[in-house]
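Q: Numbering (full-length UniProt numbering), first residue to last: 1 to 296.
Built from N, CA and C at the ideal position, the CB exists for glycine as well.
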């Protein structure tokens, strides 16, 4: 840029001199010379300044030496200083679709995890990030992405397939969030949030899960049937014991005298409508009992 500015400025001055000496004579030559000279001057001035945009940090490098990071605003620099900008706004790293993370559970089952890591650069540690990665794109490509994938795989490996798929999704997401923060914070990368959006089992694992569910349902049905049969057997046992106890009490209470008395009462009730002169209510070979319904 500096050399182009010098070339334009020199060309403008040369053209203006040639016009003054009447070596060059065409309409508007003076205006062209002025425009070329001004353009060269503007480019020349711009090589000595640099504007850092809002929410960005600039890292100046001159002759292989890295300078102190610049905050947003206008800065003076030498023409030989290059500036690498880093945005401090949050960025979403989406690990989904073709970039989804393939993980294995503690049982060896294969699952596919979709997640989003929202991260940003710590402005106070931009210099260390520049030394580690070299640019903002490289920070995501070389640090945030690989570390996030590694941590996701390590966390899922501590849980079973069922836990990773359904039972402990929230616990796994919280653990991933915690470990990514701990890994990247010392490097100057701030983690705003980690969202484990979806976990999908592989086809082979899905078949195993479906088979296990069917087996569990069959076991539950068998247990319920056994519980019902046991309850019915207990009910029948209790009913039989109650009936036996009632019969025992009845057998003990029905003596000969009680039976004879009940027999007489029965025939007396019958005598109210028809005279009865004898009833077979005697016992022990005694005389039959006479019941006269007319005489009371």
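#1: Select from 66, 146, 263, 159 the residue whose C-alpha is nearest the C-alpha of residue 126.
#2: Can you say whether residue 56 is buried or exposed, counting buried as having 16 or more other CB atoms within 10 angstroms of its CB?
#3: Below 7 Å between beta carbons: does that hold for residue 54 and residue 72?
#4: Residue 87 and residue 136 look like a contact to me (Cβ under 8 Å); what is the Cβ gap, rounded to whole Å?
#5: Please indicate yes or no: does the CB of residue 227 lie closer than 6 Å to some heavy atom of the ligand ZN?
#6: Are the Cβ atoms of residue 179 and residue 151 separated by less than 7 Å?
#7: Is it right to say residue 265 is buried, meaning 16 or more other beta carbons lie within 10 angstroms of its own, or is it exposed?
#8: Look up residue 146 in the DSSP assignment and say whether it is helix, strand or coil.
#9: For residue 188 and residue 148, what's the separation of their Cα atoms in angstroms?
#10: Using DSSP bridges, identify the partner residues of residue 74.
#11: My guess is that residue 103 and residue 156 are in contact by the Cβ rule of under 8 Å, so how many angstroms apart are they, rounded?
#12: Whole angstroms are fine: how far does the CA of residue 197 sit from the CA of residue 186?
#13: When the Cα of residue 212 is compared with those of 171, 162, 240, which residue comes out closest?
#14: So what does residue 95 bridge to, in DSSP terms?
A: Taking the structure as given:
#1: When each option's Cα is compared against that of residue 126, the closest is 66.
#2: Per the 10 Å Cβ criterion, buried.
#3: Between residue 54 and residue 72, the CB-CB gap stays under 7 Å.
#4: Indeed, because the Cβ distance is near 6 Å, the residues count as touching under 8 Å.
#5: This structure does not include the ligand ZN; it has no bound ligands of any sort.
#6: Result yes, Cβ atoms of residue 179 and residue 151 sit closer than 7 Å.
#7: It is exposed - the Cβ of residue 265 has fewer than 16 other Cβ atoms within 10 Å.
#8: Residue 146 falls in the helix class under three-state DSSP.
#9: In a straight line, the C-alpha of residue 188 is about 15 Å away from that of residue 148.
#10: Per DSSP, 51.
#11: Contact check for residue 103 and residue 156: beta-carbon distance about 4 Å, within the 8 Å limit, so the pair qualifies.
#12: The straight-line gap from Cα to Cα measures roughly 26 Å.
#13: Of 171, 162, 240, the residue nearest in Cα terms is 162.
#14: According to DSSP, residue 95 bridges with 115.
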